[in-house]
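Participant: Numbering (my numbering), first residue to last: 132 to 291.
All C-beta atoms in this analysis are idealised placements derived from N, C-alpha and C, irrespective of residue type, glycine included.
First the structure, which I've put down as structure tokens, then a few questions once you've had a look.
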Amino acid sequence: MDIQKLRTAIFEKTGVRVDATDPIFTLVALNEAMLDECIVSFKSVQDENNAELDERIGKLVELRNSMVAASNNLMDRANQAHKAAALKAATDARAEIMEAMHVEVKQAVSRISAAADELAAASEQASEQRMGRWVTATVQAVIGGIVAGSTVLLFMHYVQ
């Protein structure tokens, strides 16, 4: 506290000259001491509040980090769920395709079996027809042989 500056300020504002030993300066010194004590007390409270604020900010940062980790975990779970759903859908689609192919293969096998049956029947019929021709040819040969033999016998009988 600069008493000389205060005396000059009082004189300039009020026009009253105050002596340096005036009891008013005791009040000024008392006010200054009280103000210094208030400032010290304020700084102490401010330091405590700053420490508490730093602690709370630290907890908020930890909470934020745990929330980010939980969010990442949820995203990983969601991605896994999407992958599992896609895999299940692919498996279901594969099963449906296999079932459709199975039905088509059964139909194709059925058609092939029917064609094989028809071919066997045609082969059997052709075999029967060949047999009938062979019998006819044999009968014709036998008859031809009989006729030829008879002709030779008749010829020999009449020509001699």
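Below 8 Å between beta carbons: does that hold for Val-159 and Leu-191?
Facilitator: Numbered from its first residue, the sequence shown carries residue 159 at position 28. Numbered from its first residue, the sequence shown carries residue 191 at position 60. No, Cβ-Cβ distance for Val-159 and Leu-191 is not below 8 Å.
Participant: Since Asp-185 is in the alpha helix (DSSP H), which residue starts that stretch and which ends it?
Facilitator: As a position in the sequence shown, residue 185 is number 54, starting the count at 1. Unbroken alpha helix (DSSP H) run through Asp-185: 155-290.
Participant: Output the boundary residues of the alpha helix (DSSP H) element that contains Arg-148.
Facilitator: Here residue 148 corresponds to residue number 17 of the sequence shown, with the count starting at 1. Premise fails: Arg-148 is in no alpha helix (DSSP H) and is neither H nor E.
Participant: Could you tell me whether the Cβ atoms of Ile-141 and Phe-156 are closer together than 8 Å?
Facilitator: Taking the sequence shown and counting its residues from 1, the one referred to as residue 141 is at position 10. Taking the sequence shown and counting its residues from 1, the one referred to as residue 156 is at position 25. It is not a contact, given that the beta carbons lie outside the stated cut-off.
Participant: Measuring straight from C-alpha to C-alpha, what distance separates Leu-205 and Glu-168?
Facilitator: As a first step, residue 205 is located in the sequence shown; it is residue number 74 there, counting from the start. As a first step, residue 168 is located in the sequence shown; it is residue number 37 there, counting from the start. So the alpha carbons of these two residues sit roughly 54 Å apart.
Participant: Pull up the distance between the alpha-carbon of Leu-228 and that of Lys-237, whole angstroms please.
Facilitator: Counting from 1 along the sequence shown, the entry for residue 228 is found at position 97. Counting from 1 along the sequence shown, the entry for residue 237 is found at position 106. Position check: residue 228 holds Ile in this sequence, whereas Leu was assumed. Answer to the nearest angstrom: the Cα atoms are 14 Å apart.
Participant: Excluding the 5 residues preceding and the 5 following Leu-161 in the sequence, name in chain order all residues of the same chain whose CB lies nearer than 8 Å to its CB.
Facilitator: The residue labelled residue 161 in the question sits at position 30 within the sequence shown. Correct list: empty, nothing qualifies.
Participant: In whole angstroms, what is the alpha-carbon distance linking Ala-221 and Ser-202?
Facilitator: Along the sequence shown, one-based indexing puts residue 221 at 90. Along the sequence shown, one-based indexing puts residue 202 at 71. For Ala-221 and Ser-202, the distance between alpha carbons rounds to 28 Å.
Participant: Tell me the rounded alpha-carbon separation between Ala-226 and Val-240.
Facilitator: Residue mapping note: residue 226 aligns to position 95 of the sequence shown, counting from 1. Residue mapping note: residue 240 aligns to position 109 of the sequence shown, counting from 1. Computed Cα separation, rounded: 20 Å.
Participant: Suppose you measure from the CA of Met-211 to the CA of Lys-219; what does that come to, to the nearest Å?
Facilitator: Indexing the sequence shown from 1 puts residue 211 at position 80. Indexing the sequence shown from 1 puts residue 219 at position 88. Sequence check: residue 211 is Gln here, not Met. The alpha-carbon atoms of Gln-211 and Lys-219 are separated by roughly 12 Å.
Participant: For Thr-152, which of helix, strand or coil comes out of DSSP?
Facilitator: To locate residue 152, count along the sequence shown from 1; it is residue 21. Thr-152: coil per DSSP, three-state reduction.
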